[in-house]
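Numbering (our numbering), first residue to last: 35 to 109. Worksheet for the structure shown next.
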């Protein structure tokens, strides 16, 4: 989860999962793409690290989620 204020140099155009050093998958409009080339998997592993370094964790993540829930709660 990234706050809108996070500064990122990559833009996620789709969701992806890095399973280990040998497989990553991308979810695209037409289905799932399975990547097995080391360079491709490494690329998505680096993108994940980039986002993870900027994402809040622990209490900061809970506070942000509670803030968003308060904004989105109707009634």
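Cβ atoms here follow ideal geometry from the backbone N, Cα and C, with glycine treated the same way.
Buried or exposed (CB count within 10 angstroms, at least 16 for buried), residue i
i	result
residue 58	buried
residue 50	buried
residue 68	exposed
Alpha carbon of residue i to alpha carbon of residue j, nearest angstrom
i	j	result
residue 107	residue 100	10 angstroms
residue 105	residue 62	30 angstroms
residue 83	residue 77	10 angstroms
residue 47	residue 81	12 angstroms
residue 71	residue 56	7 angstroms
residue 30	residue 64	Nothing can be reported for residue 30, as the shown portion of the chain is limited to 35 through 109.
residue 89	residue 103	17 angstroms
Enclosing beta strand (DSSP E) for residue i [first to last residue]
i	result
residue 51	49–52
residue 10	Outside the displayed span of the chain (35 to 109) sits residue 10, for which this structure offers no information.
Continuous alpha helix (DSSP H) stretch holding residue i: start and end
i	result
residue 88	72–88
residue 95	92–106
Contact belief for residue i with residue j at Cβ below 8 angstroms, rounded distance in angstroms
i	j	result
residue 52	residue 93	That pair is no contact at about 26 angstroms.
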